[in-house]
Amino acid sequence: MAKSLMKGNEVIAEAAIRAGCRLYFGYPITPQTEISETLAKRMPKVDGLCLQAESEIAAVNMVLGAASTGARVLTSSSSPGLSLKSEGISYLVGSDLPCVIVNVQRGGPGLGGIQPSQADYYQATRAMGHGDMHLIVLAPASVQEIGDMTQEAFDLADQYRTPVMILSDGAMGQMMEPVDFEGHTPRELPEKDWAACGTEGKRRHNIVNSLYIEPDVLEKIVKERFERYDAIAENEVRYEDYLTDDADIVLVAYGITARIAKSAVNACRKAGIKAGLMRPITLWPFPEKHLAELAEKTRAFLTVELSMGQMVDDVRLAVEHRVPVHFYGRTGGMMPSVDEVAAEITKIYESMKKEA
Amino acid sequence: MIVFEKPHALTDTPFHYCPGCTHGIVHRLVAEAIDEMGIEGQTIGVAPVGCSVFSYNYFNCDMIEAPHGRAPAVATGVKRARPDRFVFTYQGDGDLAAIGTAETVHVGARGENITIIFINNAIYGMTGGQMAPTTLPGQVATTTPYGRDPKIHGNPVRVCEMLSTLSGTAYAERVSMDSVAHIKQAKRAIRKAFEVQKAGLGLSIVEVLSTCPTNWGKTPQEALEWLKTDMIPYYPLGVYKDVTAKEAE
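Residue numbers (my numbering), protein chains in the order written: chain A, -7 to 348; chain B, 212 to 460.
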């Protein structure tokens, strides 16, 4: 099928419809509003609904209601909006409800800015809500990957009964690239026999709930959920290696930053520096085992992020001081240039040479 | 011959409510309406955070437990996913008129075709007697130990009056649990609210003035008396909006 030239945000909307999602609840915020606007046009054509809620809080709770009935449902926002949604996301996790949540990240904290950022990594992977919890967090690095991953996200959510987050950013959301929607292979999924959709007098009532007042029961429920997290970590870790086999320095970067890092790796290779790139595609679960393996082969890591350094913590935890882990980041909506990153690689390479 | 039995729409789980609390009566009235209309298998209820948080264990229909104040938004999601279902929320005054005010107002504005059963007992019950948005001026609560002073703590919210101004509200009635006659009227109002939903007319809300003897520091009998002498004058009973009455004119 011919490819179309589309914006990342528009692709999320279109891919969600392809995945069978017919319900979207959201609230306008830059730089993700194209998702709502595209769905506002498209949903009525497919007997679906795009509803603008009175707040991010209402939107995420509408998602909770719709997901409780077993429907596929999407919401999207940008950084400050995710803070508002965080209570609801914790309830979604605590109620084991599948849904897809998009964060098109912008600079923070506070109102911050509207330019691209990756400063919500901690929030997405560490504390997207209160309590012992995780989300599956996917980090696309091309518009095509946004399309494939959005469809995959709905399957992952249904398979593991968990919210799945697509962690995009202002650049990924706004940039246009060719895309087709043919790449996704649907998974075989369990029946949603837990859904609160009306008993029809044929079964006991279903209760969708996150309250367990007895501490031993709550502990048991949380532990069972963590067994599911173990299965996710076992089966769903995804990453891309680029020239890591013989690399002296391995860059670690995700999303838009991985593309800049890849160009910097190419530039350094031309200059005779053996650089490589490991791009995490799933941020949770994080490809920690793979990083530990790389740590046995390479001499240093350089993590590049659009933040003051957040994912670098996960890299350090995985590398466990086997080799040095360096960090380079820009924040507030600033993007590092390829030259800036290449200069950082060169600096580390030169200091390693001196030490050697 | 059976002359009185538990409605089918209630489970066998014993209520956890305090002696003299009127939640149990309201649960029963809702269940009776569901039974009479034969809609248990097509009904999805949304429980709040507050004393009635466990109502998901008491109703036999499918139930969802919402975050504090968000039941109207959760119910919106349910109804939009399943417009063929009856959807109701069961909420207290803190849930509906304080932390969930925006969600409450906007289901009225949108005319969501859901039913809200709103328990107004002028106090936070579950957390132990703090001021509610509906606590009366002068009323003592643990966070207004010298009585609610409107100059400091603000004024109570009259929910039915407020929601009746919104175009999407189809039916709003305030009823009371203080007497048998009023309980019978409450039953009629709850049934009517579900009928309004069945007709697809928009938001229906029944505000039920209720007692909380435990946190009011009263006996069940004194509580019913206080409801009559102090609450009803501040929250007048009656129909605040009924679009079916307009149609009948």
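Cβ atoms here follow ideal geometry from the backbone N, Cα and C, with glycine treated the same way.
Inset, instruction - Starting from A:Glu169, follow the beta strand (DSSP E) in both directions and report where the run begins and ends. - result: 168 to 171
Legend entry - Simplified DSSP state of A:Ile265, which is helix, strand or coil: coil
Inset, instruction - Identify every residue that forms a DSSP beta bridge with A:Asp161. - result: A:Gln97
Legend entry - Enclosing beta strand (DSSP E) for B:Leu412 [first to last residue]: That residue, B:Leu412, is in no beta strand (DSSP E); it is neither H nor E in DSSP.
Inset, instruction - Report yes or no: do the stretch 231 to 250 of chain A and the stretch 204 to 212 of chain A share at least 3 C-beta pairs separated by less than 8 Å? - result: no
Legend entry - Paired residues, beta bridge with A:Val3 - DSSP: None; A:Val3 has no bridge partner.
Inset, instruction - Return yes when the Cβ of A:Asp150 is within less than 7 Å of the Cβ of A:Gly175, no when it is not. - result: no
Legend entry - Rounded straight-line distance, which links the Cα of B:Glu323 to that of A:Val94: 26 Å
Inset, instruction - Select from A:Trp186, A:Val311, A:Tyr320 the residue whose C-alpha is nearest the C-alpha of A:Leu298. - result: A:Tyr320
Legend entry - Where A:Ser47 meets chain B, residues with beta-carbon distance less than 9 Å: Ala284, Ala313, Glu314, His317
Inset, instruction - Give the DSSP-derived three-state secondary structure of A:Ile241 in the structure shown. - result: strand
Inset, instruction - For A:Thr22, collect the residues of the same chain with a Cβ closer than 6 Å to its Cβ; drop the 5 residues on either side in sequence, then sort them by chain order. - result: Ile106
Legend entry - Cβ-Cβ distance between B:Val414 and B:Leu438 below 7 Å: In the sequence as presented, Val is not what sits at residue 414 of chain B; that position holds Leu. Not a contact, by the Cβ cut-off of 7 Å.
Legend entry - B:Lys452 - DSSP class collapsed to helix/strand/coil: strand
Inset, instruction - Please decide whether B:Gln253 counts as near chain D, where near means a Cβ-Cβ distance under 7 Å. - result: Given the protein chain composition of this structure (A and B), no chain D is represented.
Inset, instruction - Quick one: grab the DSSP three-state call for A:Trp276. - result: strand
Legend entry - Beta-carbon contacts of B:Ile246 that lie in its chain and below 8 Å, excluding the five residues immediately before and after: Note that residue 246 of chain B is Asp in the sequence shown here, rather than Ile. Contacts found: Pro218, His219, Ala220.
Legend entry - Residues that A:Tyr83 contacts on chain B, provided the C-beta gap is smaller than 7 Å: Pro278
Inset, instruction - Run down chain B in chain order and give the residues with a C-beta less than 7 Å from the C-beta of A:Met35. - result: What A:Met35 touches in chain B: nothing, since even the nearest Cβ is about 11 Å away.
Inset, instruction - Check whether the Cβ of B:Val289 lies closer than 7 Å to any Cβ atom in chain A. - result: yes
Legend entry - Simplified DSSP assignment, three categories, for B:Phe226: coil
Legend entry - Rounded C-alpha distance that separates A:Lys254 from A:Ala58: 40 Å
Inset, instruction - For the beta strand (DSSP E) holding A:Val315, just list the boundary residues, first then last. - result: From DSSP, A:Val315 is part of no beta strand (DSSP E); its letter is neither H nor E.
Legend entry - C-alpha distance - A:Lys(-1) paired with A:Pro132, whole-angstrom precision: 13 Å
Inset, instruction - Please look up how many angstroms separate the CB atoms of A:Leu283 and A:Val311, rounded, as I've assumed it's under 8 Å. - result: 6 Å
Legend entry - Proximal residues of chain B, C-beta to C-beta of A:Glu192 below 9 Å: Gly252, Gln253
Inset, instruction - May I have the straight-line CA-CA distance separating B:Asp304 from B:Arg296, to the nearest angstrom? - result: 26 Å
Inset, instruction - Kindly say whether A:Ile21, judged by its beta-carbon, lies nearer than 7 Å to any beta-carbon of chain B. - result: no
Inset, instruction - Could you name the residues of the stretch 264 to 285 of chain A whose beta carbon sits closer than 7 Å to any beta carbon of chain B, in the order they occur along the chain? - result: none
Inset, instruction - Between the Cα of A:Ser68 and those of A:Ala225, A:Met125, A:Ile81, spot the shortest distance and give me the residue it belongs to. - result: A:Ile81
Inset, instruction - Determine, using beta carbons only, whether A:Val135 comes closer than 7 Å to chain B. - result: no
Inset, instruction - Check the DSSP bridge columns for B:Ala352 and list the partner residues they point to. - result: B:Thr355
Inset, instruction - Excluding the 5 residues preceding and the 5 following A:Cys13 in the sequence, name in chain order all residues of the same chain whose CB lies nearer than 7 Å to its CB. - result: Arg64, Val65, Leu66, Phe146
Legend entry - Amino acids of chain B, ordered along the chain, whose beta-carbon sits closer than 8 Å to that of A:Glu206: Ordered by position in chain B, no residue passes the 8 Å Cβ test against A:Glu206, which lies about 12 Å from the chain.
Inset, instruction - Under 8 Å between beta-carbons, which chain B residues line up against A:His197? List them in chain order, please. - result: Thr222, Phe270, Asn271, Cys272, Asp273, Met274
Inset, instruction - Take B:Arg402 and list the residues in its own chain whose beta-carbon comes closer than 7 Å to its own, dropping the five residues that flank it on each side. - result: Ala244, Glu247
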